[in-house]
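For the working numbering, count along the sequence shown from 1 and bump the result up by 1420. Notes follow the structure.
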Amino acid sequence: MAKLFGFSIDSTEDKSKSLLSPVPETNQDGVDNYIASGFYGQYIDIEGVYRTEHDLIKRYREMALHPECDNAIEDVVNEAIVSDLYDSPVEIELSNVNASDKLKQKIREEFKYIKQILDFDKKSHEMFRNWYVDGRLFYLKVIDVNKPQDGIQELRYIDPLKVKYVRQEKKKNKIPITHPLDPTKDTKAAYQQEFEEYFLYTPAPTYPVSMVPGPSSSKGSVKIAKDSITYCTSGLVDRNKGTVLSYLHKAIKALNQLRMIEDSLVIYRLSRAPERRIFYIDVGNLPKVKAEQYLREVMSRYRNKLVYDANTGEVRDDRKYMSMLEDFWLPRREGGRGTEITTLPGGQNLGELSDVEYFQKKLYRALGVPESRIASDGGFNLGRSSEILRDELKFSKFVGRLRKRFSNMFNDMLRTQLILKNIVTPEDWELISDHIQYDFIYDNQFAELKDTEMLNERLSLTATIEPYIGKYFSVDYVRRKILRQTDSEIIEIDQQIEKEIKDGIIPDPNSVDPITGEPLPQDGETGLMGEVPTEPDLENEGSVTDAQMQKDAKKAEI
């Protein structure tokens, strides 16, 4: 077997040999059929939608050029990737990671480096759109083979038409199993499958009809190790055919119907818009041949077809061509009415667009975009979150799921970077990877209103719980659980408060009386009456109190 190009990152600890299962592990995109179909798997599609994955990707890209479909895609991408003047579109969130602050800071620095080599702040819109349209995204992780500890040097985009993920059955291991109670009994055998996973890169693919991974199919192709390529899919899978789908797949039928109804509407309007004349020509008792000849002579005598040429600006006579907008000439025999000219009226319902609007709404529903976004003349309503349409709420959740899936690309790149630079081990990464989150900037109307209302509720709850701080609750608990501040926000806010106290913008809480709000006297300073405050004499205070009590008792007796 030829050595794979690239590098692999394997765990130092092998999985326990006692973990046996007849069901093999699933791959990262949930498609198991690559075992059989291999590279460029082919099959017959009865519905005529697509034959190969390449046809499918080309269909998606063709759909994205349609104006209505492009508008819907832009709505999704603009909601998912928000460009801000001061902030990056996405930041890493490590509040739930059980690690030291030093390790968290290193992870943040490496994530920032990955965004820099991706140029994510500038190209994030194009990257997310390519992933959303194609349904998959490939990036080659380029490292220095002489210094792998330096981490990833470049991240190069790969066209999905040129690369294929292959999961091929390698062999079956026969593992003996003894009886759990009596080891002396006959042993049974269980088979455990092993798979070879790699990427096959073809610089100039020819898309043959039948191609299965093997010596004959690797001509002109390069086998690349699995860990050398970041592979992020949409998460939608056609499990009957074992194909990764795009979010545009559900809109194929709706878009085709919209195109047909628009074309038929244009043809109907062109053919039915003008009023045409019908000439009934009296041919008497002439034979058929002579009647047709006489009819043609009358047509050529009275027919005047002037055509305007938009290229040259000339008006020319095209009498030898007949179009669907011309008049009708019909012969009429003797005994009937004579020559007659009538008018064929034009269409009466040419202004009806309800069918086109219906299929536009159907297209937007298929793409998960609210129908209310079709009308460009609608105003921007800024109300309470309870007034937001349910479609906008569903759309906000849909965009959140897209972001979650797209974040798998960052997870894979960050894993490679941290392991290559010996910041974490593969075992440590498995423990912390599930707790790493990615915070995208939100620009959704519902999300903004919801955040404002939630902040008001949190502030009122904080005011209610403030008397119990230091007795039942700590300040850190209130900031994390009530105000929902993250680690990075807590660090940033503390630094800002410290700077503002130093600059004199806000008073120092340690030098202000928490009850009266007045500044406390510093060491060596006098009080309000010009006297240095002294500690009270507890013994004298106690004796005075006893004497006063005795006087009060005597007065009570009298």
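Quick reminder that beta carbons are idealized off the backbone N, C-alpha and C, glycines included.
### Message
Give the list of continuous alpha helix (DSSP H) stretches no shorter than 4 residues that lie fully inside the stretch 1540 to 1588.
### Response
1540 to 1554
### Query
How would you write the range of the beta strand (DSSP E) that Tyr1858 sits in, first residue to last?
The sequence position of residue 1858 within the sequence shown is 438, counting from 1. Where Tyr1858 is concerned, the enclosing beta strand (DSSP E) starts and stops at 1857 to 1860.
### Query
When the Cα atoms are used, what is the spatial distance from Ile1501 to Arg1697?
In the sequence shown, residue 1501 corresponds to position 81, counting from 1. In the sequence shown, residue 1697 corresponds to position 277, counting from 1. In a straight line, the C-alpha of Ile1501 is about 58 Å away from that of Arg1697.
### Query
Which one or two residues does DSSP pair with Arg1821 in a beta bridge?
Here the question's residue 1821 lines up with position 401 in the sequence shown. Answer by DSSP bridge pairing: none, since Arg1821 is not bridged.
#### Entry: Nearest candidate by alpha-carbon position, reference Asp1896, set Leu1822, Met1829, Ser1515
Along the sequence shown, one-based indexing puts residue 1896 at 476. With distances taken between Cα atoms, Asp1896 lies closest to Ser1515.
### Query
Rounded to the nearest angstrom, how far is the Cβ of Arg1556 from that of Val1664, given a contact under 8 Å?
Residue numbering aside, residue 1556 sits at position 136 when the sequence shown is read from its first letter. Residue numbering aside, residue 1664 sits at position 244 when the sequence shown is read from its first letter. That pair is a contact at about 6 Å.
### Message
For Thr1762, tell me which candidate among Phe1699, Glu1482, Lys1781, Arg1528 has the shortest Cα-Cα distance.
### Response
Here the question's residue 1762 lines up with position 342 in the sequence shown. Among Phe1699, Glu1482, Lys1781, Arg1528, the Cα nearest to that of Thr1762 belongs to Phe1699.
### Task
Could you tell me if Phe1860 is buried or exposed, where buried requires 16 or more neighbouring beta carbons within 10 angstroms of its beta carbon?
Walking along the sequence shown from the start, residue 1860 turns up at place 440. Phe1860 should be labelled buried.
### Query
Between Gln1569, Tyr1552, Ile1534, Tyr1585, which lies nearest to Arg1576 when the distance is taken from Cα to Cα?
Start at 1 with the first residue of the sequence shown, and residue 1576 comes out as number 156. Looking at the Cα atoms, Ile1534 is the closest of the given residues.
#### Entry: Where Ile1368 sits in the DSSP three-state scheme
The structure shown does not extend to residue 1368, since the chain spans only 1421 to 1978, so no value can be given for it.
### Close Cβ partners of Asp1928 (< 7 Å) along its chain, the five nearest in sequence each way excluded
On the sequence shown, residue 1928 is found 508 positions in, with the first residue counted as 1. The residues are Ile1921.
### Query
Where does Asn1518 land, buried or exposed, given buried means 16+ other C-beta within 10 angstroms?
For this step, residue 1518 is matched to residue 98 along the sequence shown. So Asn1518 ends up on the exposed side.
### Message
For a quick check, are the C-beta atoms of Val1703 and Ala1711 less than 8 Å apart?
### Response
Here the question's residue 1703 lines up with position 283 in the sequence shown. Here the question's residue 1711 lines up with position 291 in the sequence shown. Between Val1703 and Ala1711, the CB-CB gap stays under 8 Å.
### Task
Answer yes if the stretch 1816 to 1825 comes into contact with the stretch 1840 to 1850, meaning at least three C-beta pairs across the two stretches below 8 Å, and no otherwise.
no
### Task
Compute the Euclidean distance between the alpha carbons of Met1833 and Tyr1621, then round it to the nearest angstrom.
Locating residue 1833 in the sequence shown gives position 413, counting from the first residue. Locating residue 1621 in the sequence shown gives position 201, counting from the first residue. Their backbone Cα atoms lie some 19 Å apart in a straight line.
### Query
So, is the C-beta of Asn1518 closer than 8 Å to a C-beta in chain D?
Here chain D cannot be found, since the structure has a single protein chain.
### Task
Give me the Cα-Cα distance between Leu1879 and Leu1903, rounded to the nearest whole angstrom.
Counting from one through the sequence shown, the residue named residue 1879 turns up at place 459. Counting from one through the sequence shown, the residue named residue 1903 turns up at place 483. Rounded to the nearest angstrom, the two C-alpha atoms are 7 Å apart.
### Residues of its chain near Arg1528, where Cβ-Cβ distance is below 8 Å and the 5 sequence neighbours each way are ignored
As a working note, residue 1528 is residue 108 in the sequence shown. Once the five neighbours on either side are set aside, the close Cβ partners of Arg1528 are Ile1512, Leu1514, Ser1908.
### Message
Using only the alpha-carbon positions, how far apart do Glu1791 and Ser1544 sit?
### Response
Residue 1791 sits at position 371 when you count from the first residue of the sequence shown. Residue 1544 sits at position 124 when you count from the first residue of the sequence shown. Approximately 26 Å between the Cα atoms of the pair.
### Query
How would you label Tyr1888, buried or exposed, when you count the other beta carbons within 10 angstroms and need 16 or more for buried?
What you label residue 1888 is simply residue 468 of the sequence shown in a count that begins at 1. It counts as exposed.
### Query
Does the distance from the CB of Lys1590 to the CB of Phe1615 come in under 8 Å?
The count along the sequence shown starts at 1 and reaches residue 1590 at position 170. The count along the sequence shown starts at 1 and reaches residue 1615 at position 195. For Lys1590 and Phe1615, yes; Cβs fall inside 8 Å.
### Message
Within the continuous alpha helix (DSSP H) that includes Gly1488, where are the two ends?
### Response
Along the sequence shown, one-based indexing puts residue 1488 at 68. According to the sequence as given, residue 1488 is Glu; it is not Gly. Taken as a continuous stretch (DSSP letters only), the alpha helix (DSSP H) holding Glu1488 covers 1487 to 1500.
### Message
According to DSSP, is Ile1794 part of a helix, a strand, or is it coil?
### Response
Taking the first residue of the sequence shown as position 1, residue 1794 is located at position 374. Coil, per DSSP.
### Query
Distance, Cα to Cα, Gln1780 vs Asp1683?
Looking up residue 1780 in the sequence shown gives position 360. Looking up residue 1683 in the sequence shown gives position 263. One C-alpha to the other measures close to 14 Å.
### Message
Going by DSSP, what residue range makes up the beta strand (DSSP E) through Ile1537?
### Response
Here residue 1537 refers to the residue found at position 117 when the sequence shown is read from its first residue. Element bounds for Ile1537: not the beta strand (DSSP E) but the alpha helix (DSSP H), 1521 to 1538.
#### Entry: Minimum C-alpha distance to Ala1674 - residue among Glu1488, Glu1473, Lys1919, Lys1708
Your numbering for residue 1674 matches position 254 in the sequence shown. The shortest C-alpha separation from Ala1674 is found at Glu1488.
### Task
Enumerate in chain order the residues of its own chain whose CB-to-CB distance from Pro1568 is below 8 Å, with the five nearest sequence positions on each side excluded.
The sequence position of residue 1568 within the sequence shown is 148, counting from 1. If we look at Pro1568 and ignore the five residues flanking it on each side, its Cβ neighbours are Phe1427, Leu1840.
#### Entry: Spatial distance of Lys1524 from His1855 (CA atoms)
Mapped onto the sequence shown, residue 1524 falls at position 104. Mapped onto the sequence shown, residue 1855 falls at position 435. Using only the alpha carbons, I get a separation of about 12 Å.
#### Entry: DSSP three-state assignment for Leu1668, whether helix, strand or coil
The residue given as residue 1668 occupies position 248 in the sequence shown. Of the three classes helix, strand and coil, the one that applies to Leu1668 here is coil, per DSSP.
### Task
Look up Leu1773 in the DSSP assignment and say whether it is helix, strand or coil.
Along the sequence shown, one-based indexing puts residue 1773 at 353. Note: Leu1773 maps to coil in three-state DSSP.
### Query
If we call anything under 8 Å between Cβ atoms a contact, is Ile1429 one with Asp1647?
Locating residue 1429 in the sequence shown gives position 9, where the first residue counts as 1. Locating residue 1647 in the sequence shown gives position 227, where the first residue counts as 1. Contact: yes.
### Message
With a threshold of 6 Å on Cβ separation, who are the neighbours of Lys1661 within its own chain once the five nearest residues in sequence on each side are excluded?
### Response
Working through the sequence shown from its first residue, we reach residue 1661 at position 241. Around Lys1661: no qualifying Cβ.
### Message
Here's the rule I'm using: 16 or more other beta-carbon atoms within 10 Å means buried, otherwise exposed. How should Val1709 be labelled?
### Response
The residue given as residue 1709 occupies position 289 in the sequence shown. By the 10 Å Cβ count, Val1709 comes out exposed.
### Message
By alpha-carbon positions, which one of Met1547, Asp1521, Pro1509 ends up nearest to Lys1532?
### Response
On the sequence shown, position 112 is the one that residue 1532 refers to. Closest by alpha carbon: Pro1509.
#### Entry: Same chain only: Cβ atoms within 8 Å of Ile1681, ignoring 5 sequence neighbours per side
The residue given as residue 1681 occupies position 261 in the sequence shown. Within the same chain, Ile1681 has close Cβ partners Asp1775, Val1776, Phe1779.
### Query
In whole angstroms, what is the alpha-carbon distance linking Ala1624 and Thr1653?
Within the sequence shown, residue 1624 is the residue found at index 204, counting from 1. Within the sequence shown, residue 1653 is the residue found at index 233, counting from 1. Their Cα atoms are separated by approximately 22 Å.
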